[in-house]
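Take a look at the structure below.
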DNA sequence: TTCAAATACCCCCATTTATGTGATTGAATA
DNA sequence: TATTCAATCACATAAATGGGGGTATTTGAA
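Residue numbers (the working numbering), protein chains in the order written: chain A, 53 to 262; chain B, 53 to 262.
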C-alpha cells in the first residue's frame, strides 16, 4: 500500500486526485492540503511514501514545501506536479531534491504508474521535462576534451590553486621549489590565457578542468 | 516512418534488435554496425532520425561515437543503450548530448516506445537512470538558501572577483575607493570562512553564489 | 640523432594582496 | 533615543603574486 500526501490548491483537482488515487488498488491518500504551511508537521505525523506536490499554490508554495521537507526528511519521494514545464522551476525543483516532475495533463493511468515508480525509487518525468533536463546537462557542457593541453604537473598545480593554496603551500605539497611552482603557474596562465590566480580558478571551474 | 541506425558489437543482439525494430510497423533500420569507426560518414549518408548506440564496443566506442556525431550533427536523436547504469557513463553521455539512456534489459515493446519518444523530441530514460540523473542534480546542490548572508554590495564585489578583477579594477568598476573594496573583501572572507581571493572564487563557484 | 616539451630550478622587482587598526556616515531597528 | 550595521574611506606593513629574464635534465617523438 503506497501512502500518499497531496498538496494542491485547486479544490476540484484536489478532490479529483484524491478520489482517483485513493480509489485505486494499492494506493492510500492520507491527506490532501491546499498549501504547504503545515507540511513539516504533516509529513512527520503521516509519514507518507510519496508526496504529490503542486508548485503554484498561494501561501507556502510547492518549491518552499519541497525545501522544508528535504531539510528534515530525505526519505519520502516527492513528485512535483505542475501545469507548465518551464525550465526555471524544473531546475529549482530538481536541485532541491524532487524525485520527479510531471505535468498535470498526465492521464490518470499514467499518473498512478508514476506514483508507483516514485515509491520504488524511480524518477518519473514527463517526456518534455526529461528532454529539458537533458538539455540542461549538455548546456553545462565540457568544451569536449578541452583541458588546454595542461601537462600532468600543471594540472596538479591548478588543482591546488583551486583549493586556495599559496605558492609556498603548493611547493611544500608537491616537494618542489617555490620557483618551480611559479614557473608552472606561468605556463598555466599562458595556456589558459589568464593572468591571475582567481581567473585561473574560475576557468578551472567553468571548463571542468577540476 | 522512423529511420534508425544501430551500433552494437554483439552480433546476436545486433541481429535481434534489427529484426525487432525493422519488423515493427513504422520503423526502418537503415543499417547496423559493430562499432563507430565510420559513424560520421554513415550518419551523413543515411540521415537517420534515431541512433541506438551501445556504449561498450571495441574500436570506436559509443561515447566517442556520440561525440563525433554531435560535432557535426545536432539534429539526430541519440539513444544510449547499455547493460550497466553506472554513474560515470550516464553523466558523460548526457554531457555530450545524448537524448536518452536506456538499459538493454528493457523489454522489446518498451524499447520501441522509447525510440518513438526519442524521435519526437522526448528523452526516454530507464527509471533507474532517471533516478541517478536527478541525484546528480541534487548533488551539485546549493546548500539551500545559503548565500552566506552576503550583502548586495558584497555579492557584487564577489562577482567581480570571480571575473578576475583586481582590487583596483573593482574600485573603478564600482566607483568606490580601493580601501572600501578591501574592507568589503575582508567582510566576504569572514563570511565565507576563507582568506584568499582564489578560495573565495572557488567557493563562489561551488556554492553557486555566482 | 636532434629537437621540442615537460620538468625543475634561479634571480630581480614592481604590484597586489592580506591583515590590522582605525574613523565617519546614514539607515534601520530595538 | 540609543544602538547596530552596512558602506564608505584611511594608513601602515608584511607577505604573496605576476612578469621578466635565465639554465639544466630528462624524455619521447620525429
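Glycine is no exception: its CB is placed at the ideal position from the N, C-alpha and C atoms.
If you're wondering where the values come from, they're calculated on a predicted model, not measured in any experiment.
For the beta strand (DSSP E) containing residue 152 of chain B, list its first residue and its last residue. Counting along the chain, the beta strand (DSSP E) containing residue 152 of chain B begins and ends at 152-155.
Validate contact between the segment 152-164 of chain B and the segment 84-92 of chain B using beta carbons, cut 8 Å, 3 pairs: With the cut-off at 8 Å, the segment 152-164 of chain B and the segment 84-92 of chain B do not touch.
Contact set for residue 117 of chain A: own chain, Cβ-Cβ below 7 Å, skip 5 residues either direction: If we look at residue 117 of chain A and ignore the five residues flanking it on each side, its Cβ neighbours are 59, 88, 91 and 105.
Any contact between the segment 181-189 of chain A and the segment 212-220 of chain A? By contact I mean 3 or more CB pairs, one from each, below 8 Å. Touching, no, given that fewer than three Cβ pairs across the two stretches are closer than 8 Å.
Would you say the segment 168-182 of chain A touches the segment 145-152 of chain A, given that touching needs at least three Cβ pairs under 8 Å? Judged by Cβ distances under 8 Å, the segment 168-182 of chain A makes contact with the segment 145-152 of chain A, as three or more pairs qualify.
Just curious, the alpha helix (DSSP H) that residue 86 of chain B is in, first and last residue? No alpha helix (DSSP H) contains residue 86 of chain B, which DSSP labels as neither H nor E.
Taking only beta-carbon atoms, is residue 62 of chain A less than 9 Å away from chain B? It does not; no Cβ of chain B falls within 9 Å.
For residue 249 of chain B versus residue 237 of chain B, is the C-beta distance shorter than 9 Å? Yes, these two residues count as a Cβ contact at 9 Å.
Secondary structure at residue 229 of chain B, three-state DSSP: helix, strand or coil? Residue 229 of chain B falls in the coil class under three-state DSSP.
Out of B/160, B/166 and B/182, which one is the CA nearest neighbour of residue 170 of chain A? Looking only at B/160, B/166 and B/182, the smallest Cα-Cα distance to residue 170 of chain A is reached by B/182.
Could you say which of A/239, A/255, A/217 and A/228 lies nearest to residue 203 of chain A if we only look at CA atoms? For the residues A/239, A/255, A/217 and A/228, the minimum Cα distance to residue 203 of chain A belongs to A/239.
Can residue 23 of chain B and residue 107 of chain B be called in contact, C-beta distance under 9 Å? Since the first residue of chain B shown is 53 and the last is 262, residue 23 of chain B is not available in this structure.
Identity of the residue in B/256, B/257, B/65 and B/205 nearest residue 265 of chain B by Cα: Because chain B is modelled from 53 through 262, residue 265 of chain B falls outside the range shown and cannot be assessed.
Which residues does DSSP list as the beta-bridge partners of residue 80 of chain A? Paired residues: A/55.
CB contact below 9 Å: residue 258 of chain A versus chain B: For residue 258 of chain A, the answer is yes, since a Cβ of chain B falls inside 9 Å of its Cβ.
How would you list, in chain order, the residues of chain A whose beta-carbon sits under 7 Å from the beta-carbon of residue 177 of chain B? Residues of chain A passing the Cβ test: 182.
Counting only beta-carbon atoms, is residue 208 of chain A nearer than 9 Å to chain B? It does not; no Cβ of chain B falls within 9 Å.
Consult DSSP for residue 74 of chain B and reduce its assignment to one of helix, strand or coil. DSSP places residue 74 of chain B within a helical segment (H, G or I) once states are collapsed to three.
Chain B within 9 Å of residue 25 of chain A, Cβ atoms only: What is shown of chain A runs 53 to 262, which leaves residue 25 of chain A out entirely.
From residue 257 of chain A to residue 246 of chain A, what does the alpha carbon distance come to, in whole angstroms? C-alpha separation (whole angstroms): 14 Å.
By Cβ distance below 8 Å, which residues in the same chain neighbour residue 207 of chain A in space, the five residues on each side in sequence not counted? Closer than 8 Å at Cβ, skipping near neighbours: 199 and 261.
What is the DSSP secondary structure of residue 129 of chain A, counted as helix, strand or coil? In the structure shown, residue 129 of chain A sits in a strand (DSSP, three-state: E or B).
Coarse secondary structure for residue 214 of chain A, derived from DSSP in three states: The three-state reading of DSSP puts residue 214 of chain A in helix, counting H, G and I together.
Give a yes or no on whether the C-beta atoms belonging to residue 54 of chain B and residue 112 of chain B are separated by under 9 Å. No; because the gap between Cβ atoms is not below 9 Å, this pair is not in contact.
Got a sec? Which residues, its chain only, sit under 7 Å from residue 82 of chain A by beta carbon, not counting five neighbours each side? By the criterion of a C-beta distance shorter than 7 Å, residue 82 of chain A is surrounded in its chain by 55, 56, 57, 98 and 100, once the five residues flanking it on both sides are discounted.
CB of residue 115 of chain A within 9 Å of CB of residue 94 of chain A, strictly: When the beta-carbon positions are compared, residue 115 of chain A and residue 94 of chain A stay at least 9 Å from each other.
Which residues bound the beta strand (DSSP E) around residue 142 of chain A? No beta strand (DSSP E) holds residue 142 of chain A; the alpha helix (DSSP H) holding it covers 139-147.
Anything in chain B within Cβ reach of residue 213 of chain A, meaning under 7 Å, just list it in chain order. Near residue 213 of chain A (Cβ distances below 7 Å), the residues of chain B are 250.
With DSSP collapsed to three states, give me the class of residue 197 of chain B. Low confidence applies to residue 197 of chain B: its pLDDT is 48, below 50, so where it sits in the model is not reliable enough to give any reading.
Endpoints, alpha helix (DSSP H) assigned at residue 163 of chain B: Where residue 163 of chain B is concerned, the enclosing alpha helix (DSSP H) stretches over 160-171.
If you measure from the beta carbon of residue 114 of chain A to each beta carbon in chain B, is any gap under 9 Å? No, no contact with chain B.
Nearest candidate by alpha-carbon position, reference residue 110 of chain B, set B/63, B/172, B/161 and B/80: Nearest of B/63, B/172, B/161 and B/80 to residue 110 of chain B, Cα basis: B/63.
Looking at the secondary structure, which residues open and close the beta strand (DSSP E) in which residue 102 of chain A lies? 102-106 is the extent of the beta strand (DSSP E) around residue 102 of chain A.
Below 8 Å CB to CB, which residues in the same chain sit around residue 223 of chain B once its five sequence neighbours on both sides are set aside? So the qualifying residues of the chain are 229, 230, 232 and 233.
In chain A, which residues lie less than 7 Å from residue 186 of chain B when you measure between Cβ atoms? Within chain A, the residues near residue 186 of chain B are 146, 151 and 175.
May I ask you to report which of helix, strand or coil DSSP gives residue 109 of chain B? DSSP places residue 109 of chain B in coil when its eight states are reduced to three.
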